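In the working numbering, the protein residues as written are 2 to 226.
For every residue, glycine included, the Cβ atom is placed at its ideal position computed from N, Cα and C.
Computed from a predicted structure; not experimentally measured.
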Amino acid sequence: MLGTIVNTSTIVVGSIVGSLLNRGIEERYKERTMQGMGLVALAIGISNISKGMELINNPIIFILAIAIGAVVGEWMDLEGKIERFNKGFVEEKSPLQGIVIGVVLFCVGALSIVGPIESALRGDNSMLYANAVLDGITSVILSVNYGISIAVVALILFIWQGGIYLGAGAIEHTLTPEVLNQLTLLGGLFILATGINILGLGRVKTLNILPALLVPFLARALNLI
Numbered sequence: 002m003l004g005t006i007v008n009t010s011t012i013v014v015g016s017i018v019g020s021l022l023n024r025g026i027e028e029r030y031k032e033r034t035m036q037g038m039g040l041v042a043l044a045i046g047i048s049n050i051s052k053g054m055e056l057i058n059n060p061i062i063f064i065l066a067i068a069i070g071a072v073v074g075e076w077m078d079l080e081g082k083i084e085r086f087n088k089g090f091v092e093e094k095s096p097l098q099g100i101v102i103g104v105v106l107f108c109v110g111a112l113s114i115v116g117p118i119e120s121a122l123r124g125d126n127s128m129l130y131a132n133a134v135l136d137g138i139t140s141v142i143l144s145v146n147y148g149i150s151i152a153v154v155a156l157i158l159f160i161w162q163g164g165i166y167l168g169a170g171a172i173e174h175t176l177t178p179e180v181l182n183q184l185t186l187l188g189g190l191f192i193l194a195t196g197i198n199i200l201g202l203g204r205v206k207t208l209n210i211l212p213a214l215l216v217p218f219l220a221r222a223l224n225l226i
């Protein structure tokens with residue numbers, strides 16, 4: 002679990018640093034940094050979607066994943082629960098939006114899924130250490146705009162990566178190339194939606210679709226892919 006602890010710790014430290022810098026940066030600079038992040042998210046999302054669409058063998062699983070994930074996530078009201086939890090601790094500009102952005106950027110990438118498996122089965126934390134550097138930098142940028150609320154994402158990431166770490170033995174056999182390609186495609190869609198939200202081009206409840214990430218694993222367990 003050392004890799005996960007390091008990964009989540011960099012987010013906490015980055016959130017503290019960013020929230021301190023928040024007070025000395027003019028609003029126009031904050032807006033420009035977020036616009037830049039929005040454009041980067043769009044670019045990464047489109048790239049991952051393009052790559053995933055070329056590689057997947059069963060697009061029906063992808064469609065079902067989005068449909069099932071949206072229904073389950075909306076029923077669970079994941080965004081609503083996190084918003085209510087967050088309101089008990091911080092009162093800042095759009096803290097929920099910052100948390101949603103953080104969850105998508107920190108949790109749905111390949112490093113956050115494959116990294117804990119490598120750590121658990123092979124004792125190799127290199128992927129998680131690389132992820133820690135990226136997440137630390139991103140958390141500084143996010144917390145400059147959304148404050149210390151970004152630290153909440155560290156707890157979510159710890160639960161996410163910790164669960165993968167503990168279940169690594171079972172998950173390893175399901176991580177076929179097709180499952181990884183499906184996850185790449187889904188991750189690209191989530192990151193694209195995050196970019197849309199950051200730039201104010203629409204309002205996508207990204208967290209309420211996250212259960213879609215479980216569908217490729219379920220499909221593999223049922224020998225559908």
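**Asked** Of the choices S150, V145, I57, L186, whose alpha-carbon is the least far from that of R85?
**Response** When each option's Cα is compared against that of R85, the closest is S150.
**Item:** Contact under 7 angstroms by Cβ, V72 with T207
**Value:** no
**Prompt:** What is the DSSP secondary structure of D78, reduced to helix, strand or coil?
**Reply:** coil
**Item:** Which of helix, strand or coil DSSP assigns to R29
**Value:** In the structure shown, R29 sits in a helix (DSSP, three-state: H, G or I).
**Asked** What is the DSSP secondary structure of T5, reduced to helix, strand or coil?
**Response** T5: helix per DSSP, three-state reduction.
**Cβ-Cβ distance between R221 and T185 below 7 angstroms** = no
**Message:** Assuming contact is defined by CB atoms lying nearer than 7 angstroms, are T1 and I142 in contact in what I supplied?
**Reply:** Residue 1 lies beyond the stretch modelled for the chain, which goes from 2 to 226, so this question has no answer here.
**Request:** Assign S127 to buried or exposed, taking buried as 16 or more other Cβ atoms, counted over all protein chains shown, within 10 Å of its Cβ.
**Result:** exposed
**Asked** So what's G203 in DSSP terms, helix, strand or just coil?
**Response** Of the three classes helix, strand and coil, the one that applies to G203 here is coil, per DSSP.
**Message:** Measuring only the C-alpha atoms, how far is S20 from G148?
**Reply:** 5 angstroms
**Pick from V145, V104, V180 that is closest to Q27, judged by C-alpha positions** = It is Glu, not Gln, that sits at residue 27 in the sequence shown. If we check each option's Cα against that of E27, V145 comes out closest.
**Request:** Return the CA-CA distance between G168 and N132, expressed in angstroms with no decimal places.
**Result:** 20 angstroms
**Prompt:** Between the Cα of L223 and the Cα atoms of V180, A194, M2, which residue gives the shortest distance?
**Reply:** Per the Cα distances, V180.
**Asked** Can you list the alpha helix (DSSP H) stretches of 4 or more residues lying completely in the segment 88-156, in chain order?
**Response** Listed in chain order, they are 96-108, 111-123, 127-147.
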